[in-house]
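Engineer: Taken in order, these protein sequences are the chains called A and B.
Under this note's numbering, residues 41 to 354 are what the first sequence spells out, in order.
Under this note's numbering, residues 19 to 259 are what the second sequence spells out, in order.
Ideal placement from N, C-alpha and C gives every residue a C-beta, glycine not left out.
Below: one structure in structure tokens.
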Amino acid sequence: MPWLRAHLHALSIALRGIAREPLSWLAGVIVIAVAVLLPMVLHATVGALAPMLRDIAAEPEISVFMTPDAAPGANVELRGRLETLLVAARADTRGARFALREVPRGEALERFRIDAERAGGTGALDALKDNPLPDSFIVTAGGVEADRLGQLAEAARALPGVDLVQLDAAWVQRLASALGVVTALQWALAALLALVVMAVTFNATRVQVLLLRDEIEIARLVGATGAFIRRPFVYRGALLGLAGGTLALGLMALLGQALRMAFEQRGGADFAALAAAVPIGLPLVEALLSVIVCVLLGAMGGNWSAWRQLRVHL
Amino acid sequence: MTQTAPLIEFAAVRKAYPGSRGDALAGLDLSIGRGEFIAVLGPSGAGKSTLFKLIAAIERPTAGRVSVGGQDVGRLSRAAVPWFRRKLGLTFQDTKLLYDRSVLDNVMLPLLCTGSFGEQARARGRAALDKVGLRQFETALPATLSGGEQQRVALARAIVNRPAVLLADEPTANLDAAAAERIVGIFADFHRLGTTVMVATHTPATLAGMATRTIHLSDGRLVGDEQHAPRESSAPAQEDI
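Shown next as structure tokens:
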């Protein structure tokens with residue numbers, strides 16, 4: 041297989057080049073590792089925090105208010121319909137927790153009165169002849185995405201006898217937007233990482249091409265194609281990405297372990313929970329993907345730089 | 019007299035380098051047949067190196083047409099040039115060897131470029147070194163060899179791909195008479211095997227009796243073109259590698 045031999049030959053040239061100048065290559069590896077480390081840590085942290093946030097935050101509520109002139113017994117009918125909705129929602133949302141509680145209008149008024157007393161006066165309530173509040177239901181939903189909650193509220197709004205549905209979405213929106221910001225930041229950092237890996241390999245390759253200028257010129261004179269000349273630089277870049285990505289994973293594990301130990305040494309349940317939440321590394325598939333992306337970016341940077349140097353300077 | 023159909027043709031070729039005052043080649047017309055052994059003579063700046071660079075597609079003509087084997091070399095695409103160069107063997111005054119590689123690695127370089135690796139490439143590299151009498155130095159680094167030996171290594175590298183045309187630019191400059199004679203003898207051997215050989219030199223004595231034709235260049239113009247009957251080389255005839 042001539043193509044395989046050609047690639048092995050290019051790889052051997054790349055390895056020889058690295059062995060000739062291990063320190064400058066290592067410097068490139070460290071720069072890539074540090075650059076890759078940041079988005080990796082952020083990604084792992086978001087991955088660890090997202091389920092925790094869902095669990096520790098107060099579970100969102102959907103308040104379903106009945107029409108004030110609802111017929112007697114309409115609440116029983118509505119409860120049945122809401123339960124049907126929740127059964128369906130539970131079936132298509134894995135890990136979701138739902139609870140349904142009825143709040144009769146008398147209880148609602150009583151709560152309102154207590155709140156008003158705490159706030160300093162019940163004068164306005166005392167002036168009321170009738171209870172203006174309707175019967176209502178409160179649906180609490182845990183482990184449900186914001187979109188699914190919105191859909192559920194919409195479905196409840198469409199039920200007969202329902203006057204008003206309020207989705208207590210403030211925290212959901214805050215959490216969603218916070219996670220959205222972090223995710224956007226993560227993507228921005230990932231793009232930055234791509235640029236850094238490409239820039240480091242581009243520059244390292246540029247220097248190598250210029251150092252090997254005479255050798256390249258001779259190879260060209262004896263009939264080497266552009267691909268033949270570029271191939272060792274592509275491998276060198278790929279190896280740079282491979283080593284940088286792997287080192288980043290190693291550093292992440294070391295830092296995570298150190299942070300865990302620091303939390304655990306402080307003692308207490310809170311620190312133990314924090315220690316457990318510190319990511320030690322990425323899941324295997326994500327770790328492999330990260331390294332593969334680094335390898336590809338390194339190879340692309342090497343190829344692009346060699347192509348450009350050969351075209352412009354040689 | 020051209021022995022066979024023209025292999026290399028220059029038609030009104032002009033070459034001017036950017037920033038230089040005159041033309042390196044000024045309207046050159048030249049026809050070279052297959053199997054010729056041509057001595058290209060002329061003082062420094064006569065255009066000898068430019069002639070070779072145009073044949074090897076290292077430079078492109080400013081005007082006119084250079085064709086090799088019917089191919090317009092000046093119009094070759096960038097991607098086609100390496101494939102074209104594999105048909106040529108090139109040697110230079112400065113040998114252009116890789117000094118951190120062994121002699122055999124240097125000779126094998128054109129084979130690696132053409133996708134020939136491993137034992138097959140080593141065998142062909144050794145055969146080429148046999149032809150130039152340097153088989154025993156295959157593991158040596160070029161810097162440990164004499165100037166004449168380095169030139170022979172460069173020659174082995176030029177012939178390892180069995181080129182149809184061998185171009186040697188001042189291969190005997192800086193060599194003593196004995197080393198120069200040995201190099202020229204090797205050229206003559208390859209010429210006898212059918213290779214078209216062009217050797218540029220400004221010491222015509224080294225090629226005396228070997229070349230079948232001598233062309234004289236001066237200021238980028240052809241000022242002389244003589245045909246000769248070659249004498250037999252004292253070197254033994256060698257089989258094709």
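Consult DSSP for Ser-95/B and reduce its assignment to one of helix, strand or coil.
Structural biologist: One-based indexing of the second sequence puts residue 95/B at position 77. Looking at Ser-95/B - three-state DSSP - the assignment turns out to be coil, as it is neither helix nor strand.
Engineer: For the segment 177-230 of chain B, which segments carrying the alpha helix (DSSP H) assignment without a break, of at least 4 residues, lie completely within its bounds, in sequence order?
Structural biologist: Counting only runs of 4 or more, we get 195-210.
Engineer: Measuring straight from C-alpha to C-alpha, what distance separates Ala-54/A and Ser-217/A?
Structural biologist: For the purposes of this step, residue 54/A is identified with residue 14 of the first sequence, where counting begins at 1. For the purposes of this step, residue 217/A is identified with residue 177 of the first sequence, where counting begins at 1. Between Ala-54/A and Ser-217/A, the C-alpha separation is close to 46 Å.
Engineer: In whole angstroms, give me the CA-to-CA distance for Leu-94/B and Arg-351/A.
Structural biologist: Taking the first residue of the second sequence as 1, we reach residue 94/B at position 76. Taking the first residue of the first sequence as 1, we reach residue 351/A at position 311. The alpha-carbon atoms of Leu-94/B and Arg-351/A are separated by roughly 16 Å.
Engineer: How would you label Ile-42/A, buried or exposed, when you count the other beta carbons within 10 angstroms and need 16 or more for buried?
Structural biologist: As a working mapping, residue 42/A is identified with position 2 in the first sequence. Note that residue 42/A is Pro in the sequence shown here, rather than Ile. It is exposed - the Cβ of Pro-42/A has fewer than 16 other Cβ atoms within 10 Å.
Engineer: For Val-86/A, collect the residues of the same chain with a Cβ closer than 8 Å to its Cβ; drop the 5 residues on either side in sequence, then sort them by chain order.
Structural biologist: Translated into the one-based positions of the first sequence, residue 86/A becomes position 46. These residues qualify, in order along the chain: Leu-219, Val-222, Thr-223 and Gln-226.
Engineer: Quick one: Cα of Arg-271/A to Cα of Met-238/A, how far?
Structural biologist: The sequence position of residue 271/A within the first sequence is 231, counting from 1. The sequence position of residue 238/A within the first sequence is 198, counting from 1. Taking the straight line joining both Cα atoms gives about 16 Å.
Engineer: Alpha carbon to alpha carbon, how far is Lys-33/B from Pro-79/B? Give it in angstroms, no decimals.
Structural biologist: For this step, residue 79/B is matched to residue 61 along the second sequence. For this step, residue 33/B is matched to residue 15 along the second sequence. Taking the straight line joining both Cα atoms gives about 5 Å.
Engineer: Does DSSP classify Asp-90/B as helix, strand or coil?
Structural biologist: Here residue 90/B refers to the residue found at position 72 of the second sequence. In this structure, Asp-90/B counts as strand in the three-state DSSP scheme.
Engineer: Where do the ends of the alpha helix (DSSP H) carrying Lys-114/B lie?
Structural biologist: Here the question's residue 114/B lines up with position 96 in the second sequence. From DSSP, Lys-114/B is part of no alpha helix (DSSP H); its letter is neither H nor E.
Engineer: Buried or exposed: which applies to Ala-128/A, given that a residue is buried once 16 or more other Cβ atoms fall within 10 Å of its Cβ?
Structural biologist: Start at 1 with the first residue of the first sequence, and residue 128/A comes out as number 88. Ala-128/A is exposed by the Cβ-count criterion.
Engineer: Could you tell me whether any non-hydrogen atom of the ligand ZN is closer than 7 Å to the CB of Leu-232/A?
Structural biologist: Ligands in the displayed structure: none, and consequently the ligand ZN is not present.
Engineer: Taking CB distances under 8 Å as the criterion, tell me whether Val-12/A reaches chain B.
Structural biologist: Residue coverage of chain A in this structure runs from 41 to 354, which leaves residue 12/A outside it and unanswerable.
Engineer: Give the DSSP bridge partners of Gln-206/A, in chain order.
Structural biologist: The residue labelled residue 206/A in the question sits at position 166 within the first sequence. Answer is Ser-103/A, bridged to Gln-206/A.
Engineer: What is the residue span of the alpha helix (DSSP H) that Ala-145/B lies within?
Structural biologist: Along the second sequence, read from residue 1 onward, the residue named residue 145/B stands at position 127. 136-149 is the span of the alpha helix (DSSP H), which, as asked, contains Ala-145/B.
Engineer: Listed from N- to C-terminal order along the chain, which residues in the segment 245-272 of chain A have their beta-carbon within a distance smaller than 8 Å of any beta-carbon of chain B?
Structural biologist: Cβ contacts with chain B: Asp-254, Glu-255, Glu-257, Ile-258, Ala-259, Arg-260, Leu-261, Val-262, Gly-263, Ala-264, Thr-265, Gly-266 and Phe-268.
Engineer: Alpha carbon to alpha carbon, how far is Ala-158/B from Ala-206/B? Give it in angstroms, no decimals.
Structural biologist: Residue mapping note: residue 206/B aligns to position 188 of the second sequence, counting from 1. Residue mapping note: residue 158/B aligns to position 140 of the second sequence, counting from 1. Roughly 27 Å separates the two Cα atoms.
Engineer: Run through the DSSP bridge pairs and tell me what Gln-245/B is partnered with.
Structural biologist: On the second sequence, residue 245/B is found 227 positions in, with the first residue counted as 1. Bridge partners of Gln-245/B: Arg-231/B.
Engineer: Arg-45/A CB to nearest chain B CB: under 8 Å?
Structural biologist: Position 5 of the first sequence holds residue 45/A. Chain B, which has a Cβ nearer than 8 Å to the Cβ of Arg-45/A, makes this yes.
Engineer: Sort out for me which residues DSSP pairs Gly-51/B with in a bridge.
Structural biologist: The residue you call residue 51/B lines up with position 33 of the second sequence. Note: Gly-51/B sits in a beta bridge opposite Pro-24/B.
Engineer: Run the CB neighbour count on Ser-134/B, radius 10 Å, all protein chains shown included, and call it buried at 16 or more, exposed below.
Structural biologist: Residue mapping note: residue 134/B aligns to position 116 of the second sequence, counting from 1. That one is buried.
Engineer: What did DSSP end up calling Phe-110/B once you bin it into helix, strand or coil?
Structural biologist: In the second sequence, counting from the first residue as 1, residue 110/B sits at position 92. Coil.
Engineer: Sorted by chain position, which residues of the same chain lie with C-beta nearer than 8 Å to Ser-164/B's C-beta, five sequence neighbours on each side aside?
Structural biologist: Taking the second sequence and counting its residues from 1, the one referred to as residue 164/B is at position 146. So the qualifying residues of the chain are Ala-197.
Engineer: Taking CB distances under 8 Å as the criterion, tell me whether Lys-10/B reaches chain A.
Structural biologist: Because chain B in this structure spans residues 19 to 259, residue 10/B falls outside the shown range and cannot be described.
Engineer: Taking any Cβ of chain B, which residues in the segment 42-75 of chain A have a Cβ under 7 Å from it, in chain order?
Structural biologist: Answer set for the segment 42-75 of chain A: Pro-42, Arg-45, Ala-46 and His-49.
Engineer: DSSP three-state label for Ala-74/B, please.
Structural biologist: For this step, residue 74/B is matched to residue 56 along the second sequence. Reduced to three states, the DSSP call for Ala-74/B is coil.
Engineer: Can you check whether the C-beta of Arg-175/B is within less than 8 Å of a C-beta belonging to chain A?
Structural biologist: Residue 175/B sits at position 157 when you count from the first residue of the second sequence. Yes, contact with chain A.
Engineer: With a threshold of 8 Å between beta-carbons, can Leu-130/B be considered close to chain A, or not?
Structural biologist: As a first step, residue 130/B is located in the second sequence; it is residue number 112 there, counting from the start. By this cut-off, Leu-130/B is an interface position.
Engineer: DSSP state of Ser-176/A, grouped into three classes?
Structural biologist: The count along the first sequence starts at 1 and reaches residue 176/A at position 136. Residue state, collapsed to three classes: strand.
Engineer: Exposed or buried, what is Tyr-275/A when buried is set at 16 or more other beta-carbons lying within 10 Å of its beta-carbon?
Structural biologist: Start at 1 with the first residue of the first sequence, and residue 275/A comes out as number 235. Buried: at least 16 other Cβ atoms inside 10 Å.
Engineer: Considering Cα atoms alone, identify which of Gln-349/A, Val-335/A, Leu-261/A and Asn-115/A is closest to Asp-203/A.
Structural biologist: Counted from its first residue, the first sequence places residue 203/A at position 163. Nearest option by C-alpha distance: Asn-115/A.
Engineer: Between the Cα of Glu-54/B and the Cα atoms of His-234/B, Ile-233/B, His-209/B and Arg-175/B, which residue gives the shortest distance?
Structural biologist: As a first step, residue 54/B is located in the second sequence; it is residue number 36 there, counting from the start. Cα-wise, what sits closest to Glu-54/B is His-209/B.
Engineer: Verify the CB distance criterion: does Lys-114/B have a CB-CB separation below 8 Å to chain A?
Structural biologist: Here residue 114/B corresponds to residue number 96 of the second sequence, with the count starting at 1. Taking Cβ atoms only, chain A reaches closer than 8 Å to Lys-114/B, which makes this a yes.
Engineer: For the putative contact between Ile-72/A and Val-236/A, defined by C-beta atoms under 8 Å, what is the C-beta separation to the nearest angstrom?
Structural biologist: For the purposes of this step, residue 72/A is taken as residue 32 along the first sequence, with counting starting at 1. For the purposes of this step, residue 236/A is taken as residue 196 along the first sequence, with counting starting at 1. The pair is a contact, with the Cβ atoms about 7 Å apart (cut-off 8 Å).
Engineer: Spell out whether any CB of chain A is found under 8 Å from the CB atom of Phe-135/B.
Structural biologist: Taking the first residue of the second sequence as position 1, residue 135/B is located at position 117. Interface residue, yes.
Engineer: Quick one: is Arg-142/B near chain A, going by C-beta distance under 8 Å?
Structural biologist: In the second sequence, the residue the question calls residue 142/B occupies position 124. So, not an interface residue.
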